[in-house]
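Chemist: Using our numbering, read the sequence shown as starting at 1 and increasing by one per residue.
Below are the structure tokens for one structure; questions will follow.
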Amino acid sequence: MSTNASYTETTDAPADASTPYTIASGDTFTGTIDSFGDTDWVAIYLDAGVDYTFSLTGADSGDGTLADPYLWLYDDFEDELAQDDDDGIGLDSELTYTASYSGYYYIGASAYDDDYTGTYELSVTASGFPGQHINGTNGFDILTGTAGDDTINGMAANDFLDGLAGDDVIYGGQGNDSLLGREGDDTVYGGNNHDNIALDDGNDYAEGGVGDDSIGGGAGNDTIYGENGNDVIGGGTDDDYIDAGADQDAASGGYGADTVIGGSGDDTLAGSFGHDLVDGGVGDDNMGGGLGNDTMLGHDGDDTMGAGDGNDLVDGETGNDFLAGGNGDDTIYGGEGYDTINAGDGDDIMYGGYEGGDGFSDLFVFNDFNAGEYDEIWDFEDGVDLIRVSGVAPAQLSFTNTEYGVEVEVGDSGHVIYVEGMDSSTLTTDDFMFV
Numbered sequence: 001m002s003t004n005a006s007y008t009e010t011t012d013a014p015a016d017a018s019t020p021y022t023i024a025s026g027d028t029f030t031g032t033i034d035s036f037g038d039t040d041w042v043a044i045y046l047d048a049g050v051d052y053t054f055s056l057t058g059a060d061s062g063d064g065t066l067a068d069p070y071l072w073l074y075d076d077f078e079d080e081l082a083q084d085d086d087d088g089i090g091l092d093s094e095l096t097y098t099a100s101y102s103g104y105y106y107i108g109a110s111a112y113d114d115d116y117t118g119t120y121e122l123s124v125t126a127s128g129f130p131g132q133h134i135n136g137t138n139g140f141d142i143l144t145g146t147a148g149d150d151t152i153n154g155m156a157a158n159d160f161l162d163g164l165a166g167d168d169v170i171y172g173g174q175g176n177d178s179l180l181g182r183e184g185d186d187t188v189y190g191g192n193n194h195d196n197i198a199l200d201d202g203n204d205y206a207e208g209g210v211g212d213d214s215i216g217g218g219a220g221n222d223t224i225y226g227e228n229g230n231d232v233i234g235g236g237t238d239d240d241y242i243d244a245g246a247d248q249d250a251a252s253g254g255y256g257a258d259t260v261i262g263g264s265g266d267d268t269l270a271g272s273f274g275h276d277l278v279d280g281g282v283g284d285d286n287m288g289g290g291l292g293n294d295t296m297l298g299h300d301g302d303d304t305m306g307a308g309d310g311n312d313l314v315d316g317e318t319g320n321d322f323l324a325g326g327n328g329d330d331t332i333y334g335g336e337g338y339d340t341i342n343a344g345d346g347d348d349i350m351y352g353g354y355e356g357g358d359g360f361s362d363l364f365v366f367n368d369f370n371a372g373e374y375d376e377i378w379d380f381e382d383g384v385d386l387i388r389v390s391g392v393a394p395a396q397l398s399f400t401n402t403e404y405g406v407e408v409e410v411g412d413s414g415h416v417i418y419v420e421g422m423d424s425s426t427l428t429t430d431d432f433m434f435v
């Protein structure tokens, strides 16, 4: 057990098992080598199979005044198990030992030269905890792991499973389960029914399974599959991969450069913070990019997509989509279908279909006009597509031919809409909708 306590030698520690001083992993002990040949012993309880690192520091690390500390380790019969000199910083000492039994051991602190005196600091840390295989019953279970790499199986019924620290594998099984990954790189399977999965720290992997699940990624680069059911998924911090799976899901990447995939079903998806990839998949999806330079793909279905801030790429692909660029210099493809494109602020490039047109009537929407902005419309189809402008009269549009298209300046705003492949004889006010 780690307590992170600090202890100080108040009376001289003897060099045998009668020492009055006992510490635990995570603790520190400050002592003094105050006479010729002095050696201090400190007791500690170690767990079998766990790796422990013992550090004895002095003058070279600034933790004391002892010039050259010397470190010893003894078993409960006072037999020497290990010793070290100078494997720490400078002349400090450090050794790693895997406990062969659970019980008391003794740490010896002395100086390399019997003539040396001074203060020292002794510390112990643990790692590599052995894990446990923990199985539940067919009833309600509360199962808690250890600090090691555990495998926990809830079996049937509604269980509460807590992996604690370590790289754990947790199976919810049948029932509406609550599964906590905690610290470590955990693998969590919800199983059937409606599960609640919290991953916490670490680079975790989770599958919701069948049922309407709630999955939170926490810190770390997580991989999350919602699978079947109407799932609610949050990636948390760092760079996450989320595949919401079938049915109608809500998924958000959170902080970091995330990949958020809706799968099949009418999903609500958000990239949130960072440079995200948001892929709606099949279905009529509602998608938001949030902050960052995002890539948004609608795929099949009639999607509503808002890129938010940043220089974004938005592709509605198949379906009758509503596509909004938001702030930033965006590139927007309507794809195949009757699409509505609102580029928002910034110098944007818009395609109603793909290059060459798609034969469907698309609507390009401009609600605000800002000085210096230059928007481009490519593959505009005369007599098929329309440009909608707000707060503008037909007489306020001026048309100027260029080598490959026509520039439309809106009033005295200084805002220019460039339409590729057209000229002032083919692009007229008849191609505009005034609202």
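From the three backbone atoms N, C-alpha and C, an ideal C-beta is built for every residue, glycine too.
Beta-carbon separation of Gly335 and Gly316 under 7 Å?
Modeler: Taking the first residue of the sequence shown as position 1, residue 335 is located at position 335. Taking the first residue of the sequence shown as position 1, residue 316 is located at position 316. Yes, the Cβ-Cβ distance between Gly335 and Gly316 is below 7 Å.
Chemist: Is it buried or exposed, Val435, if we count other Cβ atoms within 10 angstroms and call 16 or more buried?
Modeler: Reading the sequence shown from its first residue, position 435 is the one you call residue 435. Flag for Val435 reads exposed.
Chemist: Counting C-beta neighbours from all protein chains within 10 Å, is the total for Thr426 16 or more, i.e. buried, or is it exposed?
Modeler: Here residue 426 refers to the residue found at position 426 when the sequence shown is read from its first residue. Under this definition Thr426 is an exposed residue.
Chemist: Under the assumption that Gly154 contacts Asp168 (Cβ atoms under 8 Å), give the Cβ distance between them as a whole number of angstroms.
Modeler: Here residue 154 refers to the residue found at position 154 when the sequence shown is read from its first residue. Here residue 168 refers to the residue found at position 168 when the sequence shown is read from its first residue. About 13 Å separates the two Cβ atoms, so there is no contact after all.
Chemist: Starting from Arg388, follow the beta strand (DSSP E) in both directions and report where the run begins and ends.
Modeler: The sequence position of residue 388 within the sequence shown is 388, counting from 1. Counting along the chain, the beta strand (DSSP E) containing Arg388 begins and ends at Leu386 to Val389.
Chemist: Go ahead and label Ser35 buried or exposed: buried means 16 or more other beta carbons lie within 10 angstroms of its beta carbon, across all protein chains shown.
Modeler: Mapped onto the sequence shown, residue 35 falls at position 35. Ser35 is exposed by the Cβ-count criterion.
Chemist: Provide the residue(s) that pair with Glu279 in DSSP beta bridges, ordered along the chain.
Modeler: On the sequence shown, residue 279 is found 279 positions in, with the first residue counted as 1. This sequence places Asp at residue 279; Glu is not what is there. DSSP output for Asp279 lists Ile261 and Leu297 as bridge partner(s).
Chemist: Whole angstroms is fine: what's the gap from Thr187's alpha carbon to Glu78's?
Modeler: Counted from its first residue, the sequence shown places residue 187 at position 187. Counted from its first residue, the sequence shown places residue 78 at position 78. Rounded to whole angstroms, Thr187 to Glu78 spans 42 Å at the Cα level.
Chemist: Would you check if the distance between the CB atom of Gly288 and the CB atom of Gly310 is smaller than 7 Å?
Modeler: Residue 288 sits at position 288 when you count from the first residue of the sequence shown. Residue 310 sits at position 310 when you count from the first residue of the sequence shown. No; because the gap between Cβ atoms is not below 7 Å, this pair is not in contact.
Chemist: Would the segment 130 to 138 count as touching the segment 62 to 75 if we require 3 or more Cβ pairs under 8 Å?
Modeler: A contact between stretches requires three or more CB pairs, one per stretch, nearer than 8 Å, and the segment 130 to 138 fails this requirement with the segment 62 to 75.
Chemist: State the start and end residues of the unbroken beta strand (DSSP E) segment that holds Met437.
Modeler: No information on residue 437 is available, as it lies outside the stretch 1 to 435 that the chain covers here.
Chemist: For Thr19, which residues of its own chain have a beta-carbon under 8 Å away from its beta-carbon, when the five flanking residues on both sides are left out?
Modeler: Within the sequence shown, the letter at position 19 stands for residue 19. Ala13, Asp40, Trp41, Val42, Ala43 and Tyr106.
Chemist: Give the straight-line distance between the Cα atoms of Met1 and Thr96, rounded to the nearest whole angstrom.
Modeler: Locating residue 1 in the sequence shown gives position 1, counting from the first residue. Locating residue 96 in the sequence shown gives position 96, counting from the first residue. Any reading at Met1 must be qualified, since the residue scores a pLDDT of 48, below 50, and its modelled position is unreliable; the value itself is stated next. Taken atom to atom, the span from the alpha-carbon of Met1 to that of Thr96 is near 17 Å.
Chemist: Assuming contact is defined by CB atoms lying nearer than 7 Å, are Tyr338 and Phe366 in contact in what I supplied?
Modeler: Counted from its first residue, the sequence shown places residue 338 at position 338. Counted from its first residue, the sequence shown places residue 366 at position 366. No. Outside cutoff.
Chemist: Would you kindly work out how many angstroms separate the C-alpha atoms of Ile332 and Gly173, rounded to a whole number?
Modeler: Within the sequence shown, residue 332 is the residue found at index 332, counting from 1. Within the sequence shown, residue 173 is the residue found at index 173, counting from 1. Each residue's alpha carbon lies about 44 Å from the other.
Chemist: Note down the Cα distance separating Gly220 from Ser110, rounded to an integer number of angstroms.
Modeler: For the purposes of this step, residue 220 is taken as the residue at position 220 of the sequence shown. For the purposes of this step, residue 110 is taken as the residue at position 110 of the sequence shown. Distance between the alpha carbons of Gly220 and Ser110: 42 Å.
Chemist: Is DSSP giving Ser252 helix, strand or coil here?
Modeler: What you label residue 252 is simply residue 252 of the sequence shown in a count that begins at 1. Three-state DSSP puts Ser252 in a strand.
Chemist: Are the Cβ atoms of Gly209 and Asp238 separated by less than 7 Å?
Modeler: Residue numbering aside, residue 209 sits at position 209 when the sequence shown is read from its first letter. Residue numbering aside, residue 238 sits at position 238 when the sequence shown is read from its first letter. At least 7 Å separates the beta-carbon of Gly209 from that of Asp238.
Chemist: Counting only runs of 3+ residues fully inside the segment 127 to 158, write out the beta strand (DSSP E) ranges in chain order.
Modeler: The segment 127 to 158 is shown to contain whole beta strand (DSSP E) runs of 3 or more residues at 133 to 135, 142 to 144 and 151 to 153, in chain order.
Chemist: Please report how far the alpha carbon of Asp347 lies from the alpha carbon of Tyr374, in whole angstroms.
Modeler: Taking the first residue of the sequence shown as position 1, residue 347 is located at position 347. Taking the first residue of the sequence shown as position 1, residue 374 is located at position 374. C-alpha separation (whole angstroms): 5 Å.
Chemist: Using 8 Å for Cβ pairs, my map puts Asn228 next to Gly245. What's the rounded Cβ distance?
Modeler: Translated into positions along the sequence shown, residue 228 becomes position 228. Translated into positions along the sequence shown, residue 245 becomes position 245. About 6 Å separates the two Cβ atoms, so the contact holds.
Chemist: State buried or exposed for Ile142, treating a residue as buried only when at least 16 other CB atoms are found within 10 Å of its CB.
Modeler: Within the sequence shown, residue 142 is the residue found at index 142, counting from 1. Result: exposed.
Chemist: Buried or exposed for Phe140, please, with buried defined as at least 16 other CB atoms from any protein chain shown within 10 angstroms of its CB.
Modeler: As a position in the sequence shown, residue 140 is number 140, starting the count at 1. So Phe140 counts as exposed.
Chemist: In chain order, what residues of the same chain have a beta carbon less than 6 Å from the beta carbon of Thr295, not counting five sequence neighbours either side?
Modeler: Taking the sequence shown and counting its residues from 1, one reaches residue 295 at position 295. Counting only Cβ-Cβ distances below 6 Å, and skipping sequence neighbours, we find Leu277 and Leu313.
Chemist: Classify Gln450 as helix, strand or coil using the three-state DSSP reduction.
Modeler: Nothing can be reported for residue 450: it is not among the residues displayed for the chain, which extend from 1 to 435.
Chemist: With 16 as the cutoff for other CB atoms within 10 Å, does Thr400 come out buried or exposed?
Modeler: By 1-based counting over the sequence shown, the position of residue 400 is 400. Exposed, because fewer than 16 other Cβ atoms sit within 10 Å of the Cβ of Thr400.
Chemist: What's the C-alpha gap between Tyr205 and Gly234?
Modeler: Residue 205 sits at position 205 when you count from the first residue of the sequence shown. Residue 234 sits at position 234 when you count from the first residue of the sequence shown. Looking at the two C-alpha atoms, the distance is approximately 13 Å.
Chemist: Buried or exposed: Glu438, going by 16 or more other Cβ atoms within 10 Å of its Cβ?
Modeler: Residue 438 lies beyond the residue range present for the chain, which begins at 1 and ends at 435; the question has no answer from this structure.
Chemist: Using 7 Å as the threshold, is the C-beta distance between Ser272 and Gly254 below it?
Modeler: For the purposes of this step, residue 272 is taken as residue 272 along the sequence shown, with counting starting at 1. For the purposes of this step, residue 254 is taken as residue 254 along the sequence shown, with counting starting at 1. Taking 7 Å as the Cβ cut-off, Ser272 and Gly254 qualify as a contacting pair.
Chemist: According to DSSP, simplified to helix, strand and coil, what is Ala59?
Modeler: The residue given as residue 59 occupies position 59 in the sequence shown. Three-state DSSP puts Ala59 in a helix.
Chemist: Along the chain, where does the beta strand (DSSP E) that runs through Pro69 open and close?
Modeler: As a position in the sequence shown, residue 69 is number 69, starting the count at 1. Segment Pro69 to Tyr74, the beta strand (DSSP E) holding Pro69.
Chemist: Looking at the structure shown, is Thr98 part of a helix, part of a strand, or coil, going by DSSP?
Modeler: Mapped onto the sequence shown, residue 98 falls at position 98. Note: Thr98 maps to strand in three-state DSSP.
Chemist: Check whether the Cβ atoms of Ser264 and Gly280 lie closer than 7 Å to each other.
Modeler: Counting from 1 along the sequence shown, the entry for residue 264 is found at position 264. Counting from 1 along the sequence shown, the entry for residue 280 is found at position 280. In this structure, Gly280 does not lie closer than 7 Å to Ser264 by Cβ.
Chemist: Gly216 and Gly190 look like a contact to me (Cβ under 8 Å); what is the Cβ gap, rounded to whole Å?
Modeler: As a position in the sequence shown, residue 216 is number 216, starting the count at 1. As a position in the sequence shown, residue 190 is number 190, starting the count at 1. Not really, about 12 Å apart at Cβ, beyond 8 Å.
Chemist: If you draw a straight line from the alpha carbon of Gly118 to that of Val124, how long is it in whole angstroms?
Modeler: Residue mapping note: residue 118 aligns to position 118 of the sequence shown, counting from 1. Residue mapping note: residue 124 aligns to position 124 of the sequence shown, counting from 1. Cα-Cα distance, rounded: 20 Å.
Chemist: Using only CA atoms, which one of Leu161, Val410, Tyr74 and Tyr351 lies nearest to Gly181?
Modeler: Against the sequence shown, residue 181 aligns to sequence position 181. Checking every option, the nearest Cα to that of Gly181 belongs to Leu161.
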